[in-house]
Amino acid sequence: MNTITILLLTFIVSVTGLFIFIWSLRHQLFDDNPAAANVIFSEGEIGKIEEPAATAEQHRALQKTVDDTYTGDVSTVSKAEAEAELAARVQADQSSAWVVFVFLSCAVVWLIFASAAGLISSIKLHSPDFLTEQAWLTFGRIRTLHLNGVAYGWAPMAAFGISLWIIPRLLKTPLVGARFALLGAMLWNAALIAGLGSIAAGFNDGLEWLEIPWQVDILFVIGGALIALPLVFTLANRKVKHLYVSVWYMGAALFWFPVLFLVGNLPGVHFGVEQATMNWWFGHNVLGLFYTPIALASIYYFLPKIIGRPIQSYNLSLLGFWALAFFYGQVGGHHLVGGPVPGWLITLSIVQSMMMIVPVLAFSVNQHMTMRHHFKTLIYSPTLRFIVLGGMMYTLSSLEGSFEALRAVSTVAHFTHFTVAHAHLGLYAFFSLTMFGAIYFVMPRVMSWEWPYPKLISLHFWLVVIGFGIYFVGLSIGGWLQGLAMLDSTLPFMESVRITIPYLESRTLGGSLMTLGHVVFAAHFAAMALRYGRKRIGPAIFHSRSLPSDQAVVVEA
0 MNTITILLLT
10 FIVSVTGLFI
20 FIWSLRHQLF
30 DDNPAAANVI
40 FSEGEIGKIE
50 EPAATAEQHR
60 ALQKTVDDTY
70 TGDVSTVSKA
80 EAEAELAARV
90 QADQSSAWVV
100 FVFLSCAVVW
110 LIFASAAGLI
120 SSIKLHSPDF
130 LTEQAWLTFG
140 RIRTLHLNGV
150 AYGWAPMAAF
160 GISLWIIPRL
170 LKTPLVGARF
180 ALLGAMLWNA
190 ALIAGLGSIA
200 AGFNDGLEWL
210 EIPWQVDILF
220 VIGGALIALP
230 LVFTLANRKV
240 KHLYVSVWYM
250 GAALFWFPVL
260 FLVGNLPGVH
270 FGVEQATMNW
280 WFGHNVLGLF
290 YTPIALASIY
300 YFLPKIIGRP
310 IQSYNLSLLG
320 FWALAFFYGQ
330 VGGHHLVGGP
340 VPGWLITLSI
350 VQSMMMIVPV
360 LAFSVNQHMT
370 MRHHFKTLIY
380 SPTLRFIVLG
390 GMMYTLSSLE
400 GSFEALRAVS
410 TVAHFTHFTV
420 AHAHLGLYAF
430 FSLTMFGAIY
440 FVMPRVMSWE
450 WPYPKLISLH
460 FWLVVIGFGI
470 YFVGLSIGGW
480 LQGLAMLDST
490 LPFMESVRIT
500 IPYLESRTLG
510 GSLMTLGHVV
520 FAAHFAAMAL
530 RYGRKRIGPA
540 IFHSRSLPSD
550 QAVVVEA
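Note that numbering that gives the first Met the number 0 gives residue 488 to position 489 of the sequence shown, counting from 1, and the numbers run on in steps of one.
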């Protein structure tokens, strides 16, 4: 198949999609707030904010802001209906509380480990004699420990924990088979400890994102299957007819990841150029088909819940889902520009990368339109700051990735620190910030407890945002200059190394602030786990204004 054929087929698909989009507009499929967008709300909740991480003062200011700007219908509910809804939510939350706490606790532990390993490896880039006494502290091993600590520790533990909490709520069904998930978590963490130990000892499979020996990966497969069982059982026993878009994203992610992991780790199958192609296919798709759907599912749930209004266009959310599913599968190949791979494969990857603009714009427009007239809520909602900024970083990361795939850009950017900056823009600024916000929302429900020190949430936010800003800008500039220097045949290679030193030092500065933010977050998490602060009354908020005055019920989360 030649390049012209690929481009022609892509053009036909694009034009067909355009006609479908026009048809959907004519049939009013993109109207405001269809009933499907309301299913995440219980009776009486639309128009009422829900922010478990806010103080009482922030809560009042947040509700007033929404009251002043929300123009939709405010639902009403009787006392009996409110109590019935509350009882169902209590049951769903209680069924998942312990298992979610275990997963999120593991996620926080791995976050601190990965942050420390990342900071050490960052320092080594400009101070190579730092911590050289032990073999496992050399750059090749400590950097790999950082990557795997994030990719298989912090990120999946947070993703699984949030999924196990959201799914019962969306399906209005208690979590079925929580013990399977707990056993799966034990096996997963045992596998990660064994895998990291193997890497530290110098044994790994030599492929980025796939360094853990395949023998250990068997435990990951078993553990992951056990973790997925409760989600499947709960889905089979659901009490709702419509599956909200967050269920689509999470269900697809939990299906795609095992396929990716199995194909990537099959021993004795991939060799040479094929192995390199598979490696980038796996690395890119883990981010795009596992972490991205989980984060988008979280945003589509938490953002409307916090501001008390449905997403602007439910059909845009579905368009984003299907476009992600169709266009993301082969985007990793653009990292092999200039390599000994077929030209049509590179072209296909570039085309699909550019087509990813479709789901990105679908999500970005939807988020902006949902938040329109409500951006003032960011002042009063600690959780929403993480969620909204994470969504914005998805837009920036994806658009940058699409243009980075172009040959003119990739020729300069690949094999440089620019790619490292881009990778962190996706996995950290988008995924991790979203998970931070989700955890701040979920933990008060899980523990039935207040966050004891609300100011630490703001401190955490500003440390990681400022730190990442320094990190990303420094590496992006340094990486681009590095790429230009390597392409200049008149300059020795070491000049491309020397020119990056100030930017690598800025990386360490930014990484230090981010790590400090993670320590603040972990300490606050531990304080809540140890029951500092005030106890909460229940798992949901039903504001008194949602009820007739003679039947007012106030249940505070």
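Even for Gly, the Cβ is constructed at its ideal location relative to N, Cα and C.
Query: Identify, in the order they occur along the chain, each residue of the same chain with its Cβ nearer than 7 Å to the Cβ of residue 530, setting aside the five sequence neighbours on each side.; Result: 448
Query: Under the three-state reduction of DSSP, which class applies to residue 448: helix, strand or coil?; Result: strand
Query: Just to confirm before moving on: does the CB-CB distance between residue 118 and residue 511 stay below 8 Å?; Result: yes
Query: Rounding to the nearest angstrom, what Cα-Cα distance links residue 186 and residue 407 in this structure?; Result: 45 Å
Query: My parser needs the alpha helix (DSSP H) runs of 4 or more residues fully inside the segment 117-204; what are they?; Result: 138-148, 154-170, 177-199
Query: For residue 47, name the three-state secondary structure that DSSP assigns.; Result: coil
Query: Could you spell out where the alpha helix (DSSP H) holding residue 330 opens and where it closes?; Result: That residue, residue 330, is in no alpha helix (DSSP H); it is neither H nor E in DSSP.
Query: State the beta-bridge partners of residue 534 as determined by DSSP.; Result: 448
Query: Comparing C-alpha positions only, which one of 122, 427, 322 sits nearest to residue 360?; Result: 322
Query: Between which two residues does the alpha helix (DSSP H) harbouring residue 40 extend?; Result: From DSSP, residue 40 is part of no alpha helix (DSSP H); its letter is neither H nor E.
Query: With DSSP collapsed to three states, give me the class of residue 520.; Result: helix
Query: Please list the segments of the alpha helix (DSSP H) lying wholly inside the segment 272-316, counting only runs of 4 or more residues, in order along the chain.; Result: 291-306
Query: Are the CB atoms of residue 469 and residue 307 nearer to each other than 8 Å?; Result: no
Query: Please state whether the Cβ-Cβ distance between residue 147 and residue 210 is less than 8 Å.; Result: yes
Query: Please report the straight-line C-alpha distance between residue 425 and residue 534, rounded to a whole angstrom.; Result: 36 Å
Query: Go to residue 459, then tell me how far its alpha helix (DSSP H) extends in each direction, as first and last residue.; Result: 453-486
Query: Taking just the CA atoms, how far does residue 295 sit from residue 34?; Result: 20 Å
Query: According to the Cβ coordinates, are residue 39 and residue 304 closer than 8 Å?; Result: yes
Query: Go ahead and pull the three-state DSSP assignment for residue 208.; Result: coil
Query: Given this structure, state the Cα-to-Cα distance separating residue 452 from residue 513, to the nearest angstrom.; Result: 19 Å
Query: Please state the DSSP three-state secondary structure of residue 509.; Result: helix
Query: Quick one: using the 10 Å Cβ neighbour count with 16 as the cut-off for buried, is residue 59 buried or exposed?; Result: exposed
Query: Express the C-alpha separation of residue 208 and residue 499 in angstroms, rounding to a whole number.; Result: 25 Å
Query: So, with DSSP's three-state summary, where would you put residue 355?; Result: coil
Query: Since residue 478 contacts residue 417 with CB under 8 Å, what's their CB separation in whole angstroms?; Result: 3 Å
Query: Leaving aside the five residues before and after residue 212 along the sequence, list all residues of the same chain whose C-beta is less than 8 Å from its C-beta, in chain order.; Result: 194, 197, 202, 203, 204
Query: Could you check what DSSP says for residue 387 in three-state terms: helix, strand or coil?; Result: helix
Query: Cα separation between residue 223 and residue 257?; Result: 8 Å
Query: Quick check on the DSSP output: the alpha helix (DSSP H) that includes residue 223 runs from which residue to which?; Result: 213-235
Query: Could you tell me the boundaries of the alpha helix (DSSP H) in which residue 259 lies?; Result: 244-264
Query: Closest to residue 559 by CA distance: which of 140, 130, 104, 262 is it?; Result: No answer is possible for residue 559: the residues shown for the chain start at 0 and end at 556.
Query: Quick one: what's got a C-beta closer than 6 Å to residue 266's C-beta in the same chain, skipping five residues either side?; Result: 213
Query: Is it right to say residue 280 is buried, meaning 16 or more other beta carbons lie within 10 angstroms of its own, or is it exposed?; Result: buried
Query: State the Cα-Cα distance for the pair residue 199 and residue 48, rounded to the nearest angstrom.; Result: 47 Å
Query: Taking the alpha-carbon positions, what's the residue 97 to residue 524 distance?; Result: 15 Å
Query: With C-beta atoms as the reference, is residue 36 less than 8 Å away from residue 309?; Result: yes
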